[in-house]
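First the structure, in the form of structure tokens, and then the observations on it.
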Amino acid sequence: MKSLLLCAVMAVAHAALSDLPSGVVLDPTNSFGIQGAHEVPVEWDLPAFIDGPILTLNGTAEDVHKQLLEINPNYNEDFKMFERRSTDIEKRIDWSDTKVICSPELFGKCSMYKMWDGVNYLYSLPGQPRNGPGPGACGRVSCSGNTAILWCNDETEPKRLGSWAWIAQGAERVWGQCGDCGQAFQAANWNVIVKDARC
Numbered sequence: 000m001k002s003l004l005l006c007a008v009m010a011v012a013h014a015a016l017s018d019l020p021s022g023v024v025l026d027p028t029n030s031f032g033i034q035g036a037h038e039v040p041v042e043w044d045l046p047a048f049i050d051g052p053i054l055t056l057n058g059t060a061e062d063v064h065k066q067l068l069e070i071n072p073n074y075n076e077d078f079k080m081f082e083r084r085s086t087d088i089e090k091r092i093d094w095s096d097t098k099v100i101c102s103p104e105l106f107g108k109c110s111m112y113k114m115w116d117g118v119n120y121l122y123s124l125p126g127q128p129r130n131g132p133g134p135g136a137c138g139r140v141s142c143s144g145n146t147a148i149l150w151c152n153d154e155t156e157p158k159r160l161g162s163w164a165w166i167a168q169g170a171e172r173v174w175g176q177c178g179d180c181g182q183a184f185q186a187a188n189w190n191v192i193v194k195d196a197r198c
């Protein structure tokens, strides 16, 4: 009986791993669990005051929000934070034909509620995200409740996106396809990962 159970578990694990795309290698020693990926600070270019100078801050959305509130305690009221911007529709990009990887073995289990908190916060942000050169340069843009949203740049040059909403849309695509953690790839050599994390 024990040997049958062990065989069944091994078969399920083998089937799950065989679903991974070629080139994706699990790496438990890496902070992201994916070979070739490394953590980089995402840079945020945005003002702390209406008509104020553009500041460059580093960290997750939650980290940067705390920094902005330290600089300007009225930041939320001034910038109407936590409200989706009217330009979101204009800034949508096409995720319909993108490759999506759904793998609990690779990305773990995520909290739907915390993922949506991160998505809604990203939709509320002004400015454009910047990421360092890759490939595999991944920065946490949001992390709460042990659920992280990461933006990865696979170009060899630094990358700037048109809007934080683009990353939010990638996370939505992951959840729509996987109903859990996963990874969605854009043709322009960048991707979004939703995964479990300590936060």
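Heads up: the sequence shown begins at 0 in numbering that gives the first Met the number 0, then just goes up one per residue. Positions of the beta carbon are idealized from the N, C-alpha and C atoms, including for glycine.
To the nearest angstrom, report how far apart residue i and residue j are at their CA atoms.
i, j, result
"residue 23", "residue 118", "With a pLDDT of only 40 at residue 23, under 50, the local geometry of the prediction cannot be trusted, and no value is derived from it."
"residue 205", "residue 134", "This structure gives no information on residue 205, because the portion of the chain shown stretches from 0 to 198."
"residue 51", "residue 163", "20 angstroms"
"residue 198", "residue 100", "23 angstroms"
"residue 49", "residue 122", "18 angstroms"
Do the CB positions of residue i and residue j come within less than 8 angstroms of each other?
i, j, result
"residue 165", "residue 193", "no"
"residue 157", "residue 45", "no"
"residue 94", "residue 128", "no"
"residue 143", "residue 61", "yes"
Taking the alpha carbon of residue i as the point to measure from, which residue in the options has its own alpha carbon closest?
i, options, result
"residue 55", "43, 161, 49 and 64", "43"
"residue 76", "110, 47 and 93", "47"
"residue 186", "92, 64 and 73", "92"
"residue 104", "59, 177 and 190", "177"
"residue 190", "79, 152 and 63", "152"
"residue 180", "155, 161, 148 and 154", "148"
Sorted by chain position, which residues of the same chain lie with C-beta nearer than 6 angstroms to residue i's C-beta, five sequence neighbours on each side aside?
i, result
"residue 98", "184"
"residue 39", "131, 136 and 138"
I'd like the list of long-range same chain contacts for residue i, defined as Cβ closer than 7 angstroms, with 5 residues on each side in sequence excluded.
i, result
"residue 110", "144, 145 and 146"
In chain order, what residues of the same chain lie with their CB nearer than 8 angstroms to the CB of residue i, ignoring the 5 residues before and after it?
i, result
"residue 85", "Low per-residue confidence applies at residue 85: pLDDT is 45, beneath 50, and the placement is therefore not dependable, though the value from the model is reported in the following sentence. Closer than 8 angstroms at Cβ, skipping near neighbours: no residue."
Practice task
Scan the stretch 143-180 and note each continuous beta strand (DSSP E) run of 3 residues or more that stays entirely inside, going in chain order.
Solution key: 146-152
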